[in-house]
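K.L.:
If you read the sequence shown in my numbering, its first letter stands for residue 187, the second for the next number, and so on. This is the structure I want to talk about, given as structure tokens.
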Amino acid sequence: MITIAHVSDLHLDGGPRATERAERVMSYLRDLPGPLDAVLVTGDIADHARPEEYQQAKELFALPHPVLVLPGNHDRRAPFRTGLLDGKPDDEELNQAVRAGGATFLLLDSTIPGSDDGVLSDRTLAWLEDALAQEPTDRPVFVCFHHPPVELHTPYVDRVRQFHEDRLAEVLARHTHVVALLCGHAHVAAATTFAGLPLLVAPGVASTVPLPFEGRDAVDYELAPGLAFHLLDDRRRLVTHYRALS
187 MITIAHVSDL
197 HLDGGPRATE
207 RAERVMSYLR
217 DLPGPLDAVL
227 VTGDIADHAR
237 PEEYQQAKEL
247 FALPHPVLVL
257 PGNHDRRAPF
267 RTGLLDGKPD
277 DEELNQAVRA
287 GGATFLLLDS
297 TIPGSDDGVL
307 SDRTLAWLED
317 ALAQEPTDRP
327 VFVCFHHPPV
337 ELHTPYVDRV
347 RQFHEDRLAE
357 VLARHTHVVA
367 LLCGHAHVAA
377 ATTFAGLPLL
387 VAPGVASTVP
397 LPFEGRDAVD
407 YELAPGLAFH
417 LLDDRRRLVT
427 HYRALS
């Protein structure tokens, strides 16, 4: 069994509200009696991409589990690299392949500098194609990014989703060992499909975006922060549980 905790959209800004909510989630993960193979954080870790926000995130991510991170539209590549990955300040796409718990996580950069919507660039898609080709077909692969590549019927988010998604679908169609696509950005727990694969969206830690028929404001800062647990068994059956932390 591969067990993944999936969180997203912490929007750390140095303020007490975002800090308390992020600490609530990380404390919950830290105190779990059972092991996790990975903690995946799918972007918008910082709210303004300031060095002190990434320093705070780095301290919060000091967990007894591997923590995998990728950037969102509120993050910036250079400070993200230096603050969370101890890398050099580079503004090129940030794509990573990480092996943990018997699976491979391909962490893609779907951000467009200066824009809130997303796309997988030619460079990133070529990187993905090559990374998938190098992975053994008997090893499960999770493809991860920030922006969902489909409409979730939340207008507030759909207008800044990942676009030109047909190119991603073409790459995925050539590889059979991808188990699921994991993302964030929507600030709402959601499950759908893309290119014949599960597309699983983590809820937001910082806030929640209500659905249009719920009749509330665009962003709800009072609903509890949430996370997802993805469980992959030996038959490659994937089950996702969503948890709200009141």
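The C-beta atom is built at its ideal place from N, Cα and C for all residues, glycine as well.
Distance, Cα to Cα, leucine 271 vs proline 334?
P.N.:
Approximately 24 Å, taken between the alpha carbons.
K.L.:
Looking only at its own chain, which residues have a Cβ that is under 7 Å from the Cβ of glutamate 239, when we skip the five neighbours before and after it?
P.N.:
So the qualifying residues of the chain are Leu198, Asp199, Gly200, Ala232, Asp233.
K.L.:
Any idea which residues DSSP pairs histidine 332 with across the strands?
P.N.:
Answer is none; histidine 332 lacks a bridge partner.
K.L.:
Cutting at 8 Å between CB atoms, please list the residues of its own chain near arginine 402, excluding the five before and the five after it.
P.N.:
Contacts found: Pro396.
K.L.:
When the Cα of valine 405 is compared with those of Thr394, Phe415, Phe399, which residue comes out closest?
P.N.:
It is Thr394.
K.L.:
Thinking just about the alpha-carbon of each residue, which of Arg285, Gln282, Ala264 is nearest to the one in alanine 275?
P.N.:
One point to set straight first is that residue 275 is proline, not alanine, in the sequence displayed. The option with the nearest alpha carbon to proline 275 is Ala264.
K.L.:
Taking all protein chains shown into account, do 16 or more other C-beta atoms lie within 10 angstroms of the C-beta of glycine 300, making it buried, or fewer, making it exposed?
P.N.:
Label assigned to glycine 300: exposed.
K.L.:
What is the DSSP secondary structure of alanine 377, reduced to helix, strand or coil?
P.N.:
DSSP places alanine 377 in strand when its eight states are reduced to three.
K.L.:
With a Cβ-Cβ cutoff of 8 Å, do leucine 222 and threonine 189 count as a contact?
P.N.:
The answer is yes: Cβ separation under 8 Å.
K.L.:
DSSP three-state label for serine 301, please.
P.N.:
The answer is coil: DSSP assigns serine 301 none of H, G, I, E or B.
K.L.:
Just to confirm my understanding: we take lysine 244, look at its own chain, exclude 5 residues before and 5 after, and list those with CB closer than 8 Å. What are they?
P.N.:
Correct list, in chain order: Gly269, Leu270.
K.L.:
Report yes if the C-beta of alanine 289 is less than 7 Å from at least one heavy atom of the ligand GDP; otherwise report no.
P.N.:
As presented, the structure is devoid of all ligands, the ligand GDP included, so that no description of it is given.
K.L.:
Please give me, in chain order, every unbroken run of the beta strand (DSSP E) with length at least 3 that falls completely inside the region 209–278.
P.N.:
Here the runs fully enclosed are 224–228, 253–256.
K.L.:
Tell me the DSSP secondary structure of leucine 418 in three-state form.
P.N.:
Correct three-state label for leucine 418: strand.
K.L.:
State yes or no: is the C-beta of arginine 207 within less than 8 Å of the C-beta of valine 343?
P.N.:
Their beta carbons are not under 8 Å apart, which means arginine 207 does not touch valine 343 by this criterion.
K.L.:
Quick one: is arginine 267 buried, meaning 16 or more other Cβ sit within 10 Å of its Cβ, or exposed?
P.N.:
Arginine 267 should be labelled buried.
K.L.:
Output the distance between the C-alpha atoms of arginine 210 and alanine 388, rounded to the nearest integer angstrom.
P.N.:
C-alpha separation (whole angstroms): 16 Å.
K.L.:
Under DSSP, the alpha helix (DSSP H) around leucine 318 begins and ends at which residues?
P.N.:
Run containing leucine 318: 308–320, per the alpha helix (DSSP H) assignment.
K.L.:
Candidates Ala410, Cys330, Ala286, Thr323: which alpha carbon is nearest leucine 368's?
P.N.:
Selected option, being the one with the closest Cα: Cys330.
K.L.:
The beta strand (DSSP E) spanning tyrosine 342 covers which residue range?
P.N.:
From DSSP, tyrosine 342 is part of no beta strand (DSSP E) but of the alpha helix (DSSP H) over 341–344.
K.L.:
Verify whether the separation of the beta carbon atoms of threonine 297 and glycine 258 is less than 8 Å.
P.N.:
Their beta carbons are under 8 Å apart, which means threonine 297 touches glycine 258 by this criterion.
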